[in-house]
Amino acid sequence: MSNDTTAQARLEWLNWRKSGIGGSDMAAIMGESSFGKTIVDVWKDKTSRDVIETPDNQYMKMGRLLEPVVAQLYEERESVKLTKGYGIRSATEPLLLGTPDYLAPTRGVEIKTASSIFANQYGEEYTDQIPAGYLMQVHHYMTITKLTEWDVAVLIGGNDFRVYRVKENPALSLVMTQQARSFWDRFVMPGVAPEITTSREANLIYPNAQRVTIEATPQIAWDWNRLCELRDKIRQLETEEDATLAKIQAAMGVADSLANIEGERLATWTNERRRTASGTA
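In this text, residue positions in the sequence shown follow the working numbering: the first is 5, and each later residue adds one.
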């Protein structure tokens with residue numbers, strides 16, 4: 005695949021991506037996704053006749069806009085010239101494919117951005133101490149490119165630039181390849197969905213209801229009763245939470261801050277939150 009960015013080329017790329025397992029797909033299949041999708045999302049994408057593209061959220065949009073900036077920081081730090089990545093399919097495992105962000109002369113480079121609240125997910129620079137989903141992604145790219153090192157350049161909080169280096173792990177790559185084959189053979193080829201574990205996944209697979217009634221099995225009847233119990237408990241806890249919050253707000257009166265005996269701030273209740281009646285600790 006080329007790195008053409010026209011609308012037609014992107015549509016072709018999205019269709020090409022449906023024909024195999026990509027880097028973020030592999031992370032989800034391994035149960036270690038940092039990309040907001042699960043194995044059911046991957047199955048839906050590969051088996052649907054439609055081209056599925058996740059719309060940008062705020063973080064995805066900012067990450068895309070900042071990608072060339074982070075790439076430039078990497079080039080300056082490492083004194084290398086990067087080449088924009090393109091779609092690659094493994095020569096030995098055709099099921100495996102991917103589109104790396106960038107390629108350097110001797111290694112691949114993946115670009116990431118992260119909020120400062122996620123800084124603790126990254127360890128010491130030039131180690132492989134990065135979020136597990138990203139680790140799976142770059143190992144996947146090493147498998148399809150045969151490169152032995154992959155850097156992850158990340159900008160944290162807008163001003164903390166770091167570089168991490170991941171080295172090939174043949175044993176892990178073998179396990180990942182086996183998992184990809186198993187996923188494809190067990191679920192994609194026969195069109196059988198993996199086990200549903202969230203209501204979001206259920207809505208994804210069964211988006212439209214039909215006027216049909218089914219009889220509840222003993223297990224489903226038990227699950228329904230349990231759901232009713234949990235919802236009742238949640239309502240009780242929400243009522244208790246609101247009453248407790250009201251006591252704190254009443255004690256604070258016009259004050260906008262609450263502190264403990266050591267002077268450590270516990271909560272704030274700003275004018276805006278008072279106007280919207282949404283003041284929370």
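For every residue, glycine included, the Cβ atom is placed at its ideal position computed from N, Cα and C.
Residue i (DSSP reduced to helix, strand or coil)
{"i": "Arg53", "result": "coil"}
{"i": "Gly283", "result": "Residue placement at Gly283 is flagged as unreliable, the pLDDT there being 41, under the threshold of 50; the coordinate-derived value follows with that caveat. If DSSP states are grouped into helix, strand and coil, Gly283 belongs with coil."}
{"i": "Lys85", "result": "coil"}
{"i": "Val258", "result": "coil"}
{"i": "Leu270", "result": "strand"}
{"i": "Leu151", "result": "coil"}
{"i": "Gly102", "result": "strand"}
{"i": "Ile134", "result": "coil"}
{"i": "Ile200", "result": "coil"}
{"i": "Phe191", "result": "helix"}
{"i": "Gly35", "result": "coil"}
For residue j and residue i, the rounded distance between their alpha carbons
{"i": "Ala271", "j": "Lys22", "result": "48 Å"}
{"i": "Leu86", "j": "Gly26", "result": "21 Å"}
{"i": "Ala123", "j": "Gln62", "result": "18 Å"}
{"i": "Glu286", "j": "Val74", "result": "No answer is possible for residue 286: the residues shown for the chain start at 5 and end at 285."}
{"i": "Ser282", "j": "Arg239", "result": "A caution first: Ser282 carries a pLDDT of 43, below 50, which makes its placement in the model too unreliable to give a value."}
{"i": "Asp227", "j": "Ala206", "result": "15 Å"}
{"i": "Ala175", "j": "Thr181", "result": "10 Å"}
{"i": "Ile252", "j": "Lys237", "result": "23 Å"}
{"i": "Asp132", "j": "Ala95", "result": "26 Å"}
{"i": "Val164", "j": "Phe39", "result": "The question names Val, but residue 164 in the sequence shown is Asp. Taking the straight line joining both Cα atoms gives about 21 Å."}
{"i": "Glu244", "j": "Thr202", "result": "27 Å"}
{"i": "Thr110", "j": "Leu77", "result": "18 Å"}
{"i": "Ala136", "j": "Ser119", "result": "17 Å"}
{"i": "Gly67", "j": "Lys116", "result": "7 Å"}
{"i": "Thr284", "j": "Asn173", "result": "In this prediction, Thr284 scores a pLDDT of 45, lower than 50, which makes its location untrustworthy; no coordinate-derived value is stated."}
{"i": "Thr142", "j": "Leu234", "result": "The sequence shown places Val at residue 142, not Thr. If I take the Cα positions, the gap works out to 40 Å."}
{"i": "Asp54", "j": "Leu15", "result": "11 Å"}
{"i": "Met256", "j": "Leu241", "result": "23 Å"}
{"i": "Asp246", "j": "Lys48", "result": "40 Å"}
{"i": "Ser186", "j": "Trp154", "result": "26 Å"}
{"i": "Thr147", "j": "Ile160", "result": "27 Å"}
{"i": "Cys232", "j": "Ile224", "result": "12 Å"}
{"i": "Thr149", "j": "Phe191", "result": "26 Å"}
{"i": "Thr248", "j": "Ala254", "result": "10 Å"}
{"i": "Leu18", "j": "Leu101", "result": "12 Å"}
{"i": "Trp273", "j": "Glu114", "result": "41 Å"}
Beta-carbon gap between residue i and residue j smaller than 8 Å
{"i": "Gln183", "j": "Ile33", "result": "yes"}
{"i": "Gly89", "j": "Thr103", "result": "yes"}
{"i": "Leu99", "j": "Gly24", "result": "yes"}
{"i": "Pro198", "j": "Ile43", "result": "yes"}
{"i": "Val156", "j": "Tyr130", "result": "no"}
{"i": "Ile121", "j": "Tyr168", "result": "no"}
{"i": "Tyr126", "j": "Arg166", "result": "yes"}
{"i": "Met193", "j": "Ala31", "result": "no"}
{"i": "Leu208", "j": "Asp45", "result": "yes"}
DSSP bridge partner residues for residue i (one or two, in chain order)
{"i": "Ile115", "result": "Ala157"}
{"i": "Tyr168", "result": "Val156"}
{"i": "Ala184", "result": "The partner list for Ala184 (beta bridge, DSSP) is empty, contrary to what the question assumes."}
{"i": "Arg3", "result": "This structure leaves residue 3 out entirely; the chain is present only between 5 and 285."}
{"i": "Arg93", "result": "Leu101"}
{"i": "Leu107", "result": "Thr87, Gly112"}
{"i": "Ile25", "result": "Leu100"}
Any non-hydrogen atom of the ligand FAD within 7 Å of residue i CB
{"i": "Asn19", "result": "As for the ligand FAD, it is missing from this structure, which has no ligand bound."}
Next on the checklist: Please give the ranges of any beta strand (DSSP E) in the region 209–268, keeping only runs that are unbroken, at least 3 residues long and fully inside the region.
Outcome noted: 261–263
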